[in-house]
Amino acid sequence: MVGSLGMMRMEVHMAEVDLEYARSVIASEAAAVGSMERIINGHFARAAQLIYECQGQVVLSGIGKAGIIAQKISATMASTGTPSIFLHPTEAVHGDLGRVRPADIVWAISYGGETEEILRLINHVREFGVQLIALTGKGHSALAQRADVTLDMGRIEEACPLGLAPSASTTAMLAVGDALALTVMKMRGFKAEQFALYHPGGSLGRQLVTVEQSMMFDREKTVLTASEEMTLQEALRQMETRPHDEKLRRPGALLVAGDDGQLLGIVTDGDLRRGVAREGEAFLQRPLRDIMSRKPIHIHFDALASEAISLMHDKRIDELPVVDDDHRLIGLIDVQDVLVLQMLR
0 MVGSLGMMRM EVHMAEVDLE YARSVIASEA AAVGSMERII NGHFARAAQL IYECQGQVVL
60 SGIGKAGIIA QKISATMAST GTPSIFLHPT EAVHGDLGRV RPADIVWAIS YGGETEEILR
120 LINHVREFGV QLIALTGKGH SALAQRADVT LDMGRIEEAC PLGLAPSAST TAMLAVGDAL
180 ALTVMKMRGF KAEQFALYHP GGSLGRQLVT VEQSMMFDRE KTVLTASEEM TLQEALRQME
240 TRPHDEKLRR PGALLVAGDD GQLLGIVTDG DLRRGVAREG EAFLQRPLRD IMSRKPIHIH
300 FDALASEAIS LMHDKRIDEL PVVDDDHRLI GLIDVQDVLV LQMLR
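Going by numbering that gives the first Met the number 0, the residue at position 343 of the sequence shown is 342; the numbering climbs one at a time, nothing skipped.
Following this line, the structure appears as structure tokens:
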């Protein structure tokens, strides 16, 4: 027996790889996705409207490969503004039906439309008064007949050499799911900032965090603001005597603000070095109004951090003051914050 298995492995290893067939699989699945344009019709529009108006959550269900597709569609919806869960049809009849509420919509996926577990599930959820969307390849199936809205994919030839393993059909299901989920996302006017809230981990979320969320220095705790009448020496002494969290680095700039908190100017480490090199200690006795850069480049607190990265790169600056709607200074984002963000992109 062991020897036979070894020979089988050897035969598989030595078998010719049919690259032309592999290309035909890609072509078959691409064709299946392309054919789904026919499903973008009045039924699709009604399904989108039902989901958009849903006061509960969209409950996706399917079994086998269709169940895996249903899980992905549910995940896409949940991350783009439509509350959604996946409900396994077998687990549903063993207590998980308690997850379904009358305000929900159930979206069942079955290519054949006759899957016993799915039909049993929809019989039960119908008792809750929920509306049902069906995604199937058989428009006259039992599932289609019981649905409020049926998305009929039509007949799809599987890419499997035996014509049996779900392949082209499941790829088409996924495309339809994305089309519906993202259409509803567009209807909601879902913003990049909202997307970031649901994706705090990973590069996507990190690219979509705001300046306020990413800046290390805020006016209340870590950024020294000085009046324009102070001398540079007075401002530096105030910076040194101010309580400082040793775990945090010090900012590389001194920000100048008016009595109303509005940003007036900035003095950077570079300004200090160049001034002392040019004038010696006399530079330290000069008032900030004479040495600060007025109307410095700045950024709004709710701008995306990616905008701060681009702005600092384009303007070749290391510090970027952060202001609110009234141009009041609230903090500072510097080049080290940007470097961290770039490494996480």
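All C-beta atoms, glycine included, are put in the ideal place defined by N, C-alpha and C.
{"Check": "Helix, strand or coil at I329 [DSSP, three-state]", "Outcome": "strand"}
{"Check": "For V148, the residue or residues it bridges with in DSSP", "Outcome": "I132"}
{"Check": "Completely contained beta strand (DSSP E) runs for the segment 266-326, where each covers 3 or more residues", "Outcome": "318-322"}
{"Check": "G264 - DSSP class collapsed to helix/strand/coil", "Outcome": "strand"}
{"Check": "Opening and closing residue of the beta strand (DSSP E) in which L96 lies", "Outcome": "Unbroken run through L96: none, as it is neither H nor E."}
{"Check": "Start-to-end residues for the beta strand (DSSP E) that takes in L59", "Outcome": "57-60"}
{"Check": "Nearest candidate by alpha-carbon position, reference K137, set H123, I38, E228", "Outcome": "I38"}
{"Check": "For A77, the nearest candidate out of D177, M238, M214 (CA to CA)", "Outcome": "D177"}
{"Check": "Three CB pairs or more closer than 8 Å across the segment 158-173 and the segment 15-25", "Outcome": "yes"}
{"Check": "Proximal residues to G274 (C-beta, below 7 Å), its chain only, five neighbours per side dropped", "Outcome": "F282, I290"}
{"Check": "Other residues of its chain near M342: CB distance less than 8 Å, five sequence neighbours each side excluded", "Outcome": "Summary for M342: the model assigns pLDDT 49, below 50, so the residue's position carries little reliability; its value from the coordinates is reported in the next sentence. No residues qualify anywhere along the chain."}
{"Check": "Cβ neighbour criterion (16 or more within 10 Å) applied to D258", "Outcome": "exposed"}
{"Check": "8 Å Cβ cutoff met for I50 and V57", "Outcome": "yes"}
{"Check": "Length of the line joining the Cα atoms of A46 and I132", "Outcome": "7 Å"}
{"Check": "Nearest neighbour of I163, chosen from G111, H312, L262 [CA to CA]", "Outcome": "A small correction: the amino acid at residue 163 is Leu; Ile does not occupy that position in the sequence shown. That would be G111, whose Cα lies nearest to the Cα of L163."}
{"Check": "Secondary structure, alpha helix (DSSP H): runs of 4+ residues fully inside the segment 13-93", "Outcome": "18-34, 41-52, 64-78, 88-91"}
{"Check": "Burial state of S309, where buried means 16 or more other Cβ atoms lie within 10 Å", "Outcome": "exposed"}
{"Check": "Terminal residues of the alpha helix (DSSP H) in which A252 lies", "Outcome": "From DSSP, A252 is part of no alpha helix (DSSP H) but of the beta strand (DSSP E) over 252-256."}
{"Check": "Range covered by the alpha helix (DSSP H) that runs through A171", "Outcome": "167-187"}
{"Check": "I108, DSSP secondary structure in three states", "Outcome": "strand"}
{"Check": "Helix, strand or coil at A143 [DSSP, three-state]", "Outcome": "helix"}
{"Check": "Start-to-end residues for the alpha helix (DSSP H) that takes in H123", "Outcome": "115-125"}
{"Check": "Coarse secondary structure for A164, derived from DSSP in three states", "Outcome": "coil"}
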